[in-house]
């Protein structure tokens, strides 16, 4: 909660959202103007965030603002975890990309130094960084969602940021790691600060800002810095993005993974089929960026090169809004329930003779068969989403991940 109803009566809304009269953060007039439009008895609480509805800038659908920066993540682990469609760095179709990010390096929980996520990544690093050219940079991404799962590195990000000494150890290790393997920048993927279930503490917000400021001071302009922002306000509220803005080259906004079979465990959501990159959710989830008055030219819009799916409860109801009982069945290559790369989806469509359908309200594609539903983006919906992002003045795109839709690699 926020304002006078919060702990100590001093809590502000993260990302500068409006604090309603009843102590809740939001983006609509009921939060920002008055919760009682007729009687005007429930005004926004001043001093705990904005008290004005903000929509951000518009640049026009054809403005092409995203064209200047196109980032593609690459999962090195695909070369050992995938049963087929394995993609080596030399298989990557890098045309059109300005940056490629190798995902993910790890952090030693004792020394706070950057280390390979797996020893088998080391020989792939040099093959990956050899792709760099005048128009293409190769960076290392550190962390990732799994890094903050329960285990030895559950609290590592939080402890690393908690002291100047630990932050210095991390920064110095990066200054040795990047030139050793030929990386030109680093992307920090902390999922997520403050959240206790992700190993966070209340001090993470301010300490993360300090880390980025100290990184920029140490790097100067020699190495790039980017940061991945949470896709939904539940976690995004803990990022002081405005304070970080001057220290990073750009942010990445994950406009995907907004829904999945995990919705079963979310109390405020019913277990019904929802698209992981539904433009209606994206439009709502990007609003905090504009309330915080971030420069959209420094934000990359996330593109999913994979789909997410469900096993529906009743095959006679197989579409958005239908009840589901679990994730979709694993593909033969990725072998992951509930997710499938674009190459795998294309193969499935051909093998089963499926007819993809466009969902205009969601700006997504869907395929269905028996009790299976998969929602995804193809070339056409990606182009539509880029146009939407252009209108919002986003300065680039970032794709997760190129190994899902790249090269021969079979």
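In my numbering, the protein residues as written are 2 to 411.
For each residue, glycine too, the CB sits at the ideal point set by N, CA and C.
Once DSSP output is grouped into helix, strand and coil, what is the label at residue 9?
helix
Residue 124 in three-state terms, based on DSSP:
helix
How is the alpha helix (DSSP H) around residue 227 delimited, first residue to last?
First-last for residue 227: 225-230, but that is the beta strand (DSSP E), not the alpha helix (DSSP H).
Name the one or two DSSP bridge partners that residue 248 has.
In the DSSP output, where bridge partners are listed per residue, residue 248 has none listed.
Would you report the Cα separation of residue 102 and residue 41, rounded to the nearest angstrom?
51 Å
Identify the continuous beta strand (DSSP E) that holds residue 74 and give its terminal residues.
71-76
What did DSSP end up calling residue 81 once you bin it into helix, strand or coil?
helix
Going by beta carbon distance, what residues of the same chain come within less than 8 Å of residue 108, once the five residues before and after it are set aside?
114, 115, 116, 143, 144, 148, 154, 157, 158, 161 and 171
Between residue 59 and the rest of its own chain, which residues show a CB-CB distance below 6 Å, the 5 nearest in sequence each way excluded?
392
To the nearest angstrom, report how far apart residue 364 and residue 222 are at their CA atoms.
38 Å
Residue range of the beta strand (DSSP E) that includes residue 338
Note, residue 338: premise wrong, no beta strand (DSSP E); not H, not E.
Buried/exposed call for residue 136, threshold 16 Cβ in 10 Å:
exposed
Is residue 90 closer than 8 Å to residue 125 when the C-beta atoms are compared?
yes
Using C-beta distances below 6 Å, list every residue in its chain close to residue 84, excluding the 5 sequence neighbours before and after it, in chain order.
334 and 336
Secondary structure of residue 182, DSSP reduced to three states
helix
Comparing alpha-carbon positions, which option in 132, 359, 200 and 229 lies nearest residue 299?
229
According to the Cβ coordinates, are residue 45 and residue 64 closer than 8 Å?
no
Within the same chain, show all residues whose beta-carbon is closer than 6 Å to that of residue 275, passing over the 5 residues directly before and after it, in chain order.
260
For my contact list, residue 374 and residue 306 are in at a C-beta cut-off of 8 Å; report their separation, rounded to the angstrom.
So it is not a contact: roughly 19 Å between Cβ atoms.
Is the segment 302-318 touching the segment 240-260, taking contact as three or more C-beta pairs under 8 Å?
yes
Identify whether residue 367 lies in helix, strand or coil by the three-state DSSP scheme.
strand
Here's a check: name, in chain order, each residue in its chain whose Cβ is nearer than 8 Å to the Cβ of residue 233, leaving out the five neighbours to either side.
259 and 286
If you compare alpha carbons, which of 34, 277, 16 and 350 is closest to residue 52?
34
Nearest-angstrom Cα separation, counted from residue 283 out to residue 138
28 Å
So residue 201 and residue 195 are supposed to be a Cβ contact under 8 Å. How far apart are they, rounded?
4 Å
Helix, strand or coil for residue 411, going by three-state DSSP, please let me know.
Residue placement at residue 411 is poorly supported in this model, since its pLDDT is 33, which falls under 50; the coordinates still yield a value, given next. Three-state DSSP puts residue 411 in coil, outside helix and strand.
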